[in-house]
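Participant:
This is the structure in C-alpha cells:
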C-alpha cells in the first residue's frame with residue numbers, strides 16, 4: 010500500500026509545484042523516529058495504570074474501605090471496557106482522524122488516573138478506572154492502523170517495540186508501586202504515572218502538527234482487495250479474534266491464579282510468587298526474539314504455531330508434570346502469550362490493504378477477543394470453587410490451548426483479509 014499526502018489542486022496539476030511541496034514533507038527517517046517515539050510513549054501508558062492497581066490492591070482496599078467483590082470488579086472492568094473501546098473506536102477514528110482520536114484518548118486516560126487519585130472513594134475510583142480503561146481500549150485498536158499508515162515498511166519492528174514497551178513498563182510499575190506507596194502514599198504512587206500521559210500528549214500533538222491527520226490523507230487503494238470488507242462476515246477476522254481471545258483468556262487467568270495453582274501443587278508461597286514473575290518476565294525475550302525472526306524473513310505461520318504449542322506445553326506441565334520444572338512451564342506460557350499478542354497486532358496491519366481495514370479488523374478482533382478473555386478468570390474461579398480443585402479448570406484450559414494451535418495455523422496462512430494470497 011502506498012500513502013500519498015493530499016495536496017492542493019494546483020500542486021497536483023503542476024509538477025514543479027508538486028515537487029516543491031513534496032520537498033517540504035517530513036523525511037521518511039524523521040517520520041519513522043517520530044512515530045516510534047510516539048508509540049513508545051503511548052505504550053508506557055497502556056498497562057501501567059492496570060498493573061499498578063493489582064500490585065497495591067490490598068492497600069487501596071483498606072484505604073477506601075471496600076469489599077473483595079468491589080476489588081474484583083475493578084479487576085474485571087478493563088476487559089469489558091477494552092472490548093467496548095475496540096468496538097466503537099474504528100468509527101470514531103475514521104470520523105475524526107486516528108491521531109486526533111488518540112490525543113483525546115490519552116487525555117481521557119490521564120484524567121482517569123488523576124480522578125482515582127483526587128477522589129479517594131469507591132465511586133471516584135470506579136469512574137476513574139472506567140475512563141482510563143476505555144481510553145486504553147481505543148489505543149489498543151488504533152495503534153495498529155497508525156503504524157500501518159505512517160510506517161508501512163516497518164510494521165514488525167515498530168509493533169514489536171510497542172508491545173515490548175508495554176510489557177517492560179508494566180513490569181517496572183508492578184515492582185516499584187508498592188514500595189513507592191510506602192514512601193509517598195498510595196495516591197501519589199498511582200496518580201504519579203499520569204505524568205507519562207502528559208509526555209505522550211505532547212509528542213502526539215507534535216506528530217499531528219508535523220504529519221497532519223490521517224483523516225486527511227489520500228490513500229491509493231491497491232488493485233486487488235475491496236475496501237468495503239465487512240470484518241464481522243470475514244472468516245479471517247473471526248479466526249484472529251479467537252486466536253487473540255484464547256491467548257488473552259490464558260494470560261489473564263494465569264495472571265490471576267498461577268501462584269495459587271502452584272501452591273496447591275506443593276510449592277511455597279514465595280516459590281509460587283516467583284513463578285508469576287517468571288511468567289511475566291519472559292515477555293521481553295519473546296517479543297524481541299519474534300521481531301528479530303520476522304525481520305530475518307522467518308515464516309509467520311511457523312512462529313504462530315510454535316507460540317501456540319508453547320502454551321499447550323506450559324498448561325500441560327502446570328497440570329500434570331513435575332513441579333521441579335515449574336519455572337519452565339511458567340516461562341513457556343509467558344513466551345507463548347506474549348508472542349501471540351504481538352503477532353496478532355502485526356497481522357492487523359500485514360493482512361489488510363488499507364488503514365481503515367486495519368482499524369476495523371483491530372476493533373472487531375479485540376472486541377471479540379477481550380469478551381472471550383473476560384470469562385477466563387471468572388470461569389476458572391467458578392470451576393475451582395465448584396469442584397474444590399484445579400483439575401477441571403486446567404483440563405478445560407488445556408483443551409482450549411490445543412484448539413488454538415489449529416487456529417494459529419489457519420490465521421497465519423499467507424492470505425489477506427479477503428482470502429487472496431499475500432503479494433510478494
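In the working numbering, the protein residues as written are 10 to 433.
Beta carbons: idealized from backbone N, C-alpha and C, even for Gly.
1) Answer yes if the stretch 345 to 357 comes into contact with the stretch 248 to 258, meaning at least three C-beta pairs across the two stretches below 8 Å, and no otherwise.
2) Count the CB pairs spanning the stretch 365 to 376 and the stretch 143 to 156 that are closer than 8 Å, and state whether there are at least three.
3) Output yes or no for whether 9 Å exceeds the beta carbon distance between residue 336 and residue 284.
4) Can you say whether residue 230 is buried or exposed, counting buried as having 16 or more other CB atoms within 10 angstroms of its CB?
5) Does residue 432 come out as helix, strand or coil in the three-state DSSP assignment?
6) Secondary structure at residue 276, three-state DSSP: helix, strand or coil?
7) Taking the Cβ atom as the reference point for each residue, do residue 381 and residue 165 lie within a distance shorter than 9 Å?
8) Considering only the alpha carbon of each residue, which of 409, 427, 168 lies closest to residue 318?
9) Would you kindly work out how many angstroms separate the C-alpha atoms of residue 239 and residue 147, rounded to a whole number?
10) Just verifying my parser: in three-state terms, what is the DSSP assignment at residue 424?
11) How far does the alpha helix (DSSP H) with residue 243 in it extend, from its first residue to its last?
12) Pull up the distance between the alpha-carbon of residue 341 and that of residue 400, whole angstroms please.
13) Excluding the five sequence neighbours on either side, which residues of its own chain have a C-beta within less than 8 Å of the C-beta of residue 426, listed in chain order?
14) Any idea what DSSP makes of residue 38, helix, strand or coil?
15) In three-state DSSP terms, what is residue 201?
16) So within the stretch 51 to 92, which uninterrupted alpha helix (DSSP H) runs reach at least 4 residues, ignoring any that extend past its ends?
17) Is the stretch 172 to 192 touching the stretch 43 to 53 in the sense that three or more CB pairs, one from each, lie closer than 8 Å?
18) May I have the straight-line CA-CA distance separating residue 310 from residue 343, to the nearest angstrom?
19) Does the contact criterion of 3 or more C-beta pairs under 8 Å hold for the stretch 82 to 94 versus the stretch 183 to 191?
20) When the Cα atoms are used, what is the spatial distance from residue 95 to residue 112?
21) Out of 345, 83, 267, which one is the CA nearest neighbour of residue 60?
22) What first and last residue would you give for the alpha helix (DSSP H) that runs through residue 161?
23) Can you tell me the Cα-Cα spacing of residue 275 and residue 267, whole angstroms?
24) With residue 328 and residue 383 assumed to form a contact (beta carbons below 8 Å), what rounded beta-carbon distance in angstroms separates them?
Facilitator: Here's the rundown:
1) yes
2) yes
3) yes
4) Residue confidence is low: residue 230 scores 39 on pLDDT, short of 50, so the model does not pin down where it sits. Its coordinate-derived value is still stated next. By the neighbour-count rule (16 or more Cβ atoms within 10 Å), residue 230 is not buried but exposed.
5) coil
6) coil
7) no
8) 409
9) 20 Å
10) strand
11) No alpha helix (DSSP H) holds residue 243; DSSP gives it neither H nor E.
12) 20 Å
13) 234, 238, 240, 243, 245, 246, 360, 361, 362, 366, 370
14) helix
15) coil
16) 57 to 64, 66 to 73
17) yes
18) 19 Å
19) no
20) 16 Å
21) 83
22) Residue 161 -> no alpha helix (DSSP H), and no H or E assigned at all.
23) 13 Å
24) In fact, because the Cβ distance is near 23 Å, the residues do not count as touching under 8 Å.
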